[in-house]
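Enquirer:
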DNA sequence: CAGTATCCACTTAGATACTG
DNA sequence: CAGTATCTAAGTGGATACTG
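Residue numbers (my numbering), protein chains in the order written: chain W, 301 to 438; chain F, 301 to 438.
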């Protein structure tokens, strides 16, 4: 066992690369935002309940209505993870029944703005990409 | 059947929202880049074979080596879809055996630059996010 | 209102082996 | 060298029903 087979060496370099990816900040960010609902929630909170304006707090049910079709499971799960990452804040007001509202934190807002860069690129170029996909006969 | 039940109305608005998402350029872009290998390939082609410099063409096997651990299946599949979208170009040189090289197109380069914006944000803020996740007791 | 809990269907990635 | 083909394991989202 002093030497390695080629297969073992390959497996090892692969494991190292995977380990590298696991700590790569960019990959971690992509893992975070690569979720349908994450970007939608950030965008919703960044545009207010009527999708027109300023960042604003929104309630659970407002979000559920805005993101039509999200299951409560996914909404809660996504909100929780965003909260754990400090991207949004959750505020409970002890009315009866309780009122819960969510809001972007400062860093969440900064992420949302970065995502706007992507959005802009998308709106400018996605047509072109889609057109290319059509013509290249897929 | 003239009227709809509440459940039917909900199902319908959900379907409409899903249809909207399906054509939303931002979501389509995210679908595109939300793939581990997509960003890695774009970054590899944008940084040259030695990861240091200028955008450069790379061969299939160079990519396979750079992205240690990618299976031929995923590499081919990802390259093909990027090519179909016009983000990279594939050039076959009829040597024996054949030489195939991949290169960013103009629009692919522009996307890669946009992704750099994400990378930058990630490198600046991911520590903070990760730290927050730790302290919030998950 | 604001969730929680459970179960299922489906996409996707990876391993592996073979080929022009 | 540059792929293709097949099979399987696993993560992930969605439907649904119930609760403090």
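For glycine and all other residues, C-beta sits at the position ideal for the given N, C-alpha and C.
1) Counting Cβ pairs, one atom from each stretch, are 3 or more of them under 8 Å apart for the region 317 to 329 of chain W and the region 411 to 430 of chain F?
2) Under 8 Å between beta-carbons, which chain F residues line up against residue 407(W)? List them in chain order, please.
3) Any chance the region 339 to 346 of chain F sits against the region 306 to 315 of chain F, with 3 or more Cβ pairs inside 8 Å?
4) Going by Cα to Cα distance, which pick from 402(W), 432(W) and 414(W) is closest to residue 364(W)?
5) Since residue 339(F) meets chain W, which of its residues come closer than 9 Å, beta carbon to beta carbon?
6) For the alpha helix (DSSP H) that residue 381(F) lies in, which residues bound it at each end?
7) Residues of chain F with CB under 7 Å from residue 419(W), in chain order?
8) State the Cα-Cα distance for the pair residue 388(F) and residue 395(W), rounded to the nearest angstrom.
9) Let me make sure I understand the geometry here. Which of 333(W), 385(W) and 305(W) has the alpha-carbon closest to that of residue 431(F)?
10) Leaving aside the five residues before and after residue 372(W) along the sequence, list all residues of the same chain whose C-beta is less than 8 Å from its C-beta, in chain order.
11) Could you tell me the alpha carbon to alpha carbon distance between residue 350(W) and residue 359(F), rounded to whole angstroms?
12) From what residue to what residue does the beta strand (DSSP E) around residue 395(F) run?
Expert: The short version:
1) yes
2) 425, 428 and 429
3) no
4) 402(W)
5) 326, 327 and 330
6) 372 to 384
7) 326
8) 56 Å
9) 385(W)
10) 364
11) 49 Å
12) Premise fails: residue 395(F) is in no beta strand (DSSP E) and is neither H nor E.
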